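Working notes for the structure below.
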Amino acid sequence: MEDCIFCKIIEGEIPSHKVYEDENVIAFLDTNPTSKGHTLVVPKEHVENIHEASGMDYIWDPIVKVSNAVKDAFNPEGININQNNGEVAGQEVMHMHFHVTPRYTGDEIEIEYNREELENGDEVAEKISEKID
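Position 116 of the sequence shown, counting from 1, maps to 517 under my numbering, and the rest follow consecutively.
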């Protein structure tokens, strides 16, 4: 994609702090990190989001490798792995990517969810199950 910043990083048009690369995936430091070691794992094939990522199971091992490397390099108390789909979900670059975000005691990253009691669980589960190929 012409205007995709991640595609430009993959092509070497924009410099990055690359930590991992194979034939399908690249991982580099987030230029606006939320914590020390915050790394993005990105498929080289341009897909906008998870809904277009069928068959991209090759991304899992690099996520694990990068997560382990971040853990070994910085010894965080925890690591968040997240992937956002769509602007309303917090996706800022419309090229699917996974955040590997180390968490340290006292950091100021806050993840909050407004949780509710599950209602009509059987009905909700059935609707989802019917849509699985």
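Cβ atoms here follow ideal geometry from the backbone N, Cα and C, with glycine treated the same way.
Model, not experiment: these values are computed from the prediction.
Hey, out of the options, whose CA is closest to residue i's CA?
{"i": "Gly456", "options": "Phe475, Pro444, Lys466, Ile464", "result": "Pro444"}
{"i": "Val465", "options": "Asp523, Cys405, Thr502, Glu414", "result": "Thr502"}
{"i": "Asp508", "options": "Asn521, Glu478, Cys405", "result": "Glu478"}
{"i": "Ser468", "options": "Glu403, Asp523, Val420, Cys408", "result": "Val420"}
{"i": "Tyr514", "options": "Ile406, Arg504, Ala490, Asp404", "result": "Ala490"}
{"i": "Pro463", "options": "Ser436, Ala454, Glu424, Glu493", "result": "Glu424"}
{"i": "Asn450", "options": "His498, Gly413, Asn481", "result": "His498"}
For residue i, which three-state DSSP category applies?
{"i": "Tyr459", "result": "helix"}
{"i": "His452", "result": "helix"}
{"i": "Glu524", "result": "helix"}
{"i": "Asn483", "result": "strand"}
{"i": "Glu488", "result": "helix"}
{"i": "Glu531", "result": "helix"}
Would you call residue i buried or exposed, if buried means 16 or more other Cβ atoms sit within 10 Å of its Cβ?
{"i": "Leu441", "result": "buried"}
{"i": "Ala474", "result": "exposed"}
{"i": "Gly438", "result": "buried"}
{"i": "Val471", "result": "buried"}
{"i": "Ile512", "result": "exposed"}
{"i": "Val525", "result": "exposed"}
{"i": "His418", "result": "exposed"}
{"i": "His452", "result": "exposed"}
{"i": "Ile529", "result": "exposed"}
{"i": "Ile415", "result": "exposed"}
{"i": "Ile460", "result": "buried"}
{"i": "Ile510", "result": "exposed"}
Name the one or two DSSP bridge partners that residue i has.
{"i": "Ile512", "result": "Bridge partners of Ile512: none, in fact."}
{"i": "Thr440", "result": "Leu430, Val501"}
{"i": "Glu422", "result": "Ile427"}
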